[in-house]
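According to this note's numbering, the sequence shown is numbered sequentially starting from -13.
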Amino acid sequence: MTVGEAAALIRSGDVVAFATETVYGLGANALDAGAVRRIYAIKGRPASSPLIVHVGTIDMARALVTEWPQTAQRLASRYWPGPLTLVLPKQPHVPDVVTAGLPTVGIRMPAHPQALELIRASGCPIAAPSANRFTQLSPTTAQHVRDAFGGSVPVLDGGPCSVGIESTVLSLATTPATLLRPGMIPRDEIEAITGPLAEPAAGQSGHGEPHASPGLHERHYQPRTPLLLDTTPHPGRGIVLRLGHELPAGAREFAARLYEVLHSADAQGYDWIAIEPPPRTPEWDGIRDRLRRAASKS
């Protein structure tokens, strides 16, 4: 599939999987409520989990929100294109289905050149959660998407994702700004622009009220094989993944390979997968968040 063909599908109200620098997204015209509902249906995603809207320019982002504070401009100038999502009060023309009925919308400008080309060719912002079944492992290659959906979802192959885990999500609709989901952008770098960040309110991991951000369900990012955060052999046939061996010891390299390694291990028919817990230092915050949710039994 070419970018032009994918853009034509987006314009017609269809759903297309495409690569970003974080993970592959399941994209549709963010201003077409019917198209966005198809995303939820394909993924089996609950309506309480909002979507991130991908834009090609800052002007496109500003057209979706009622406020664009100086802090948003400074963050966008520093991190866009890149793996940072900003949550701001939405314009009325942004469909409620995109935002789980919330008055805010999450926006980011992806750093993948093909994703930016797709947005430009489509002529609209693209709402796109990860291109997987809800709560399952996120895809970082086109083959991961095909494995999840077979031939039911057209895929624009953009190669492997370079960042490898989902974006940092930061709400500027609160005072102080709130870090809703950690990612690979260091917290101290963000706080140098925003000042001290607040933590999400308690109860954001439930299944009732709308979530302020994607990725807040307690069980998320999970392989089919039970995942354990330790290096202890367990009964049955399994594999232990260790830093510096199956996975790199550096946070950025680890993140870039994490889902690929888990997809590969998940395909082997193991009874369990154990992974060495990463260091408890700030650069690993986003990775620890994904692994904690991936290993959750609740």
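Built from N, CA and C at the ideal position, the CB exists for glycine as well.
Near the ligand ZN: residue i beta-carbon under 7 Å from a heavy atom
i, result
"I261", "Absence of the ligand ZN is noted for the structure shown, with no ligands found whatsoever."
Beta carbon of residue i nearer than 8 Å to that of residue j
i, j, result
"V9", "Q100", "no"
"V84", "V22", "yes"
"E262", "L229", "yes"
"A187", "P162", "no"
"P55", "P75", "no"
"A159", "V73", "yes"
"I(-4)", "A14", "yes"
"I105", "H40", "yes"
"E7", "P81", "no"
"S199", "R238", "no"
"V149", "G92", "no"
"T57", "S153", "no"
"H130", "H231", "no"
"A242", "G145", "no"
"I151", "G169", "yes"
Beta-bridge partners of residue i, as assigned by DSSP
i, result
"S116", "G11"
"T154", "L70"
"Q254", "Answer is none; Q254 lacks a bridge partner."
"K76", "V51"
"A260", "L214 and V226"
"A5", "Y10"
"R94", "H40"
"M122", "A small fix is needed here, since residue 122 is Gln in this sequence, not Met. In the DSSP output, where bridge partners are listed per residue, Q122 has Q208."
"A184", "T164"
Own chain, CB closer than 6 Å to residue i, minus 5 neighbours either side, in chain order
i, result
"G192", "Note that G192 scores a pLDDT of 49, beneath 50, so its modelled location is shaky and nothing firm can be said."
"A128", "V141 and D143"
"R31", "F120"
"A251", "I225 and I259"
"V139", "A3"
"T211", "D252, Y256 and I259"
"A281", "L213 and L215"
"R223", "Y256 and D257"
Proximal residues to residue i (C-beta, below 8 Å), its chain only, five neighbours per side dropped
i, result
"D174", "P268"
"P115", "G11, L12, I25, K29, R31, S35, L37, I38 and P200"
"R266", "R274"
Of the residues the options, the one placed nearest residue i, counting alpha carbons only
i, options, result
"R276", "D257, P209, V226 and T217", "P209"
"I313", "H98, I273 and T218", "With the chain represented from -13 up to 284, any question about residue 313 goes unanswered, as that position is not in the structure."
"I44", "Y26, S63 and T57", "S63"
"F135", "A114, I93, P78 and I28", "I28"
"L61", "A280, I176 and S153", "I176"
"S157", "G181, C147 and S116", "G181"
"L244", "I25, G222, P219 and C147", "C147"
"A178", "Q254, Y65 and H130", "Y65"
Own chain, CB closer than 7 Å to residue i, minus 5 neighbours either side, in chain order
i, result
"H197", "S34, S35, P36, A86 and Q190"
"P67", "M95, P96, A97 and L102"
"T217", "V226, R228, A260 and E262"
"W270", "A237 and P264"
"R278", "none"
"R132", "V141"
Decide yes or no for the touch test of the region 2 to 19 against the region 109 to 127: beta carbon pairs closer than 8 Å, at least 3 of them.
yes
Please confirm if the region 40 to 50 is in contact with the region 118 to 126, defined as three or more CB-CB distances below 8 Å between the two stretches.
no
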